[in-house]
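K.L.:
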Amino acid sequence: MNSQLSYLPVRLVIVAAEARTGEGTGYARWTYRLRVSAGARAALEAEWGRCRWVWNECVARSKKAHQDGEKCGPAMLDKMLTEARRITPWLREGSSVPQQQVIRDFGTSRTKSLKDITDRLPVRRRAGLPRWKRKRDAAPTLNYTRRGFRLKDGRLHLAGGIVVTVVWSRELPADPSSVRVYQDGLGHWYASFVVPAQVEPLPGTGLVLGVDWGVRETATTTSDAHDLPHAGHGRKAMAKLGRYQRMMARRSTAKDKAQSNGYRIAKRQAAKVHRKIARQRQDAARKWAKKVVRDHDAVAVEDFRPKFLARTSMARKAADAAIGATKAALIEMGRKHQRDIRLVHPAHTTMDCARCGARTKHALPLSERTYTCTACGGASPRDKNSAHVMLVRAGLNPAGVEGVRPPGPPVRKAA
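Residue numbering for the sequence shown follows numbering that gives the first Met the number 0, starting at 0 and increasing by one per position.
#1: Closer than 7 Å by C-beta to A71: which residues in its own chain qualify, once you throw out the five before and the five after it? Chain order, please.
#2: Assign G21 to one of three DSSP states: helix, strand, or coil.
#3: Count Cβ pairs between the region 242-249 and the region 282-301 that sit closer than 8 Å; are there 3 or more?
#4: Since E92 is in the alpha helix (DSSP H), which residue starts that stretch and which ends it?
#5: By Cβ distance below 6 Å, which residues in the same chain neighbour G394 in space, the five residues on each side in sequence not counted?
#6: Please classify G21: is it buried, with 16 or more other beta-carbons within 10 angstroms of its beta-carbon, or exposed?
#7: At the level of alpha carbons, what is the spacing between W212 and R91?
#8: Report the option in R358, S385, A357 whose CA atom is closest to the CA atom of R368.
#9: Check A314 in the structure and name its three-state DSSP category.
#10: Excluding sequence positions up to five away, which residues of its chain have a Cβ less than 7 Å from the Cβ of H232?
#11: Which partner residues does Q182 have in the DSSP bridge list?
#12: Quick one: give me the first and last residue of the alpha helix (DSSP H) that G323 is part of.
#13: Does DSSP put L240 in a helix, a strand or coil?
#14: Roughly how many whole angstroms lie between the Cα atoms of S108 and L171?
#15: Which residue marks the beginning of the beta strand (DSSP E) containing D211, and which one marks its end?
#16: First and last residue of the alpha helix (DSSP H) that includes E367?
#17: Buried or exposed: W54, going by 16 or more other Cβ atoms within 10 Å of its Cβ?
#18: Pick out the complete alpha helix (DSSP H) segments inside the region 371-400, 4 residues or longer, and give them in chain order.
#19: Measuring straight from C-alpha to C-alpha, what distance separates G23 and R293?
#20: Rounding to the nearest angstrom, what Cα-Cα distance links R341 and I116 in this structure?
#21: Determine, using beta carbons only, whether D296 and V207 come nearer to each other than 8 Å.
#22: In angstroms with no decimal places, state the Cα-to-Cα distance between N396 and I322.
#23: Could you give the DSSP three-state label for V474: helix, strand or coil?
#24: Below 8 Å, can you find three or more Cβ-Cβ pairs linking the region 359-373 to the region 331-345?
#25: Can you list, in chain order, the residues of its chain with a C-beta nearer than 6 Å to that of M313? Leave out the 5 residues immediately preceding and following it.
#26: Taking the CB atoms as reference points, tell me whether V180 and A190 lie closer together than 8 Å.
#27: Cβ of R381 within 8 Å of Cβ of T349?
#28: Taking the beta strand (DSSP E) that D226 falls in, what are its first and last residues?
#29: If contacts are defined as beta-carbon pairs under 8 Å, then V178 and Y143 qualify, I think. What distance do you get, rounded to the angstrom?
#30: Our contact map puts V162 next to L33 with C-beta atoms below 8 Å; I'd like the distance itself, whole angstroms only.
#31: Which value, in whole angstroms, describes the spacing of the CA atoms of K78 and H273?
#32: Give every residue of the same chain whose Cβ lies closer than 6 Å to the Cβ of G184, excluding the five residues on either side of it in the sequence, and list them in chain order.
#33: Can you tell me where the beta strand (DSSP E) holding H156 begins and where it ends?
#34: For the alpha helix (DSSP H) that contains L43, what are its first and last residues?
In structure tokens form, the structure reads like this:
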């Protein structure tokens with residue numbers, strides 16, 4: 000692989016936590032940018048057209064099977080694909096590997112949706128049934144297993160004679176077991192390789208940390224040196240983003256008509272700004288997470304799910320804080336470096352006193368930023384008190400456990 004092409008970052012994401020004794024922490028995705036020629040682009044788009052047809056045929060067969068009261072499993076869909084490839088030369092021109100993976104993905108999606116219905120989850124929390132993929136809406140995504148690709152001379156050879164150049168910003172740590180080739184909203188192509196996750200244990204420090212999420216500060220911890228301030232990347236780019244969105248609004252046409260070239264240019268510029276903001280948030284989250292796990296053996300993290308904030312007046316600032324992405328980065332980094340990450344249920348964490356465990360009789364309004372305990376008289380910043388409560392709830396602060404009220408839901412481990 001060419002080690003000189005190091006100007007593009009690689010994205011590493013843990014995709015499974017199926018830890019095996021002595022064998023690491025599951026699997027990870029290593030994503031690289033692709034340089035795609037005109038011929039390779041045409042071949043990839045043609046391959047995606049066939050895979051999209053297979054997906055839509057699976058949707059049609061699934062709906063018909065439901066109406067007839069029959070089962071629609073992967074075995075039946077595999078037979079459908081075999082018969083379709085036998086009688087359709089256009090479909091047979093493509094590789095069978097990504098087409099078979101489409102059936103696997105469809106089965107996984109449909110199984111998850113049916114499980115949510117069986118479990119009687121609320122409609123807003125259910126995964127919807129697989130829908131049609133329209134050409135103008137669905138971005139190309141092709142999955143290849145080990146027998147459908149190979150790496151040779153730094154290039155990626157896909158089944159069907161498709162060859163693309165990979166920008167090797169980092170060396171792959173191991174031989175990949177599969178690869179996903181996809182195109183993002185800006186038209187850039189990427190290859191995401193699945194490899195065994197590498198474990199890099201860090202030396203022990205004997206320190207623990209409590210983390211409380213917020214909007215004024217993204218993360219407030221029991222250590223002032225590890226607080227994560229609200230960077231406001233979205234707010235800083237608001238003027239530029241608003242300009243492109245106004246351009247889109249002026250140049251937009253009716254839904255039944257094709258959009259103008261000027262609209263597509265403005266849409267691309269807006270997408271570039273969104274992508275830059277997302278990368279800035281991800282970079283800040285990973286750097287902070289690495290600092291936290293490097294300096295502490297165990298971390299008690301509020302298991303906060305900020306989705307409900309999207310329906311409040313704090314929606315924009317909460318989204319800009321990227322609490323979910325920061326929490327995921329911390330869990331991923333802790334798993335990679337074998338740190339103890341404990342997720343604490345957020346119920347009543349702002350109402351309990353970290354010193355004596357007393358609980359206030361009413362929820363504190365957001366405007367009240369100082370927590371004053373009526374039992375022991377202790378006073379501290381509200382978020383700092385909550386961060387210390389995380390340590391007590393997670394059992395990482397034995398000195399403060401005496402006299403503390405029994406915690407709520409049990410603490411669960413993230414890694």
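Every residue, glycine too, gets a C-beta built ideally from N, C-alpha and C.
P.N.:
Quick answer:
#1: Ala is not the amino acid found at residue 71; the sequence shown has Cys there. Exclusion of the five residues before and after C71 leaves R60, S61, A64 as the residues of its chain whose Cβ lies within less than 7 Å of its Cβ.
#2: Here G21 scores only 36 on pLDDT, less than 50, and its place in the model is too uncertain to base an answer on.
#3: Contact between the region 242-249 and the region 282-301 is absent: fewer than three C-beta pairs spanning the two stretches fall below 8 Å.
#4: For E92, there is no enclosing alpha helix (DSSP H), as DSSP marks it with neither H nor E.
#5: Nothing meets the Cβ criterion.
#6: Residue confidence for G21 is low, a pLDDT of 36 falling below 50, so the modelled location carries little weight and cannot support an answer.
#7: A straight-line Cα-Cα distance of about 53 Å links W212 and R91.
#8: Closest by alpha carbon: S385.
#9: Looking at A314 - three-state DSSP - the assignment turns out to be helix.
#10: The residues are I276, Q279, R280, D319.
#11: For Q182, the beta-bridge partners assigned by DSSP are W188.
#12: G323 -> alpha helix (DSSP H) spans 322-335.
#13: L240 falls in the helix class under three-state DSSP.
#14: Using only the alpha carbons, I get a separation of about 29 Å.
#15: Residues 207-212.
#16: Run containing E367: none; DSSP gives neither H nor E here.
#17: Its Cβ being crowded by 16 or more others within 10 Å, W54 is buried.
#18: Counting only runs of 4 or more residues that sit fully inside the region 371-400, the alpha helix (DSSP H) segments are 381-393, in chain order.
#19: The predicted position of G23 is uncertain, since its pLDDT is 47 and thus under 50; a value taken from the coordinates is nonetheless stated next. If I take the Cα positions, the gap works out to 19 Å.
#20: Their Cα atoms are separated by approximately 30 Å.
#21: Going by C-beta atoms, D296 is nearer than 8 Å to V207.
#22: Straight-line Cα distance between these residues: approximately 25 Å.
#23: Look at the range of the chain in this structure, 0 to 414, and you will see that residue 474 is not part of it.
#24: In the pairwise beta carbon analysis, the region 359-373 is classified as not touching the region 331-345: fewer than three pairs are separated by under 8 Å.
#25: Non-local C-beta neighbours of M313 in its own chain, meaning closer than 6 Å and more than five positions away in sequence, comprise V214, ordered along the chain.
#26: Note that the C-beta distance between V180 and A190 is below 8 Å.
#27: Against a cut-off of 8 Å, the Cβ pair of T349 and R381 comes out as a contact.
#28: From DSSP, D226 is part of no beta strand (DSSP E); its letter is neither H nor E.
#29: About 5 Å; that satisfies the 8 Å criterion.
#30: Contact flag wrong, Cβ pair sits at about 11 Å.
#31: As the crow flies, the alpha-carbon of K78 is around 42 Å from that of H273.
#32: Within the same chain, G184 has close Cβ partners A270.
#33: Bounds of the beta strand (DSSP E) holding H156 are 154-157.
#34: 37-67 is the span of the alpha helix (DSSP H), which, as asked, contains L43.
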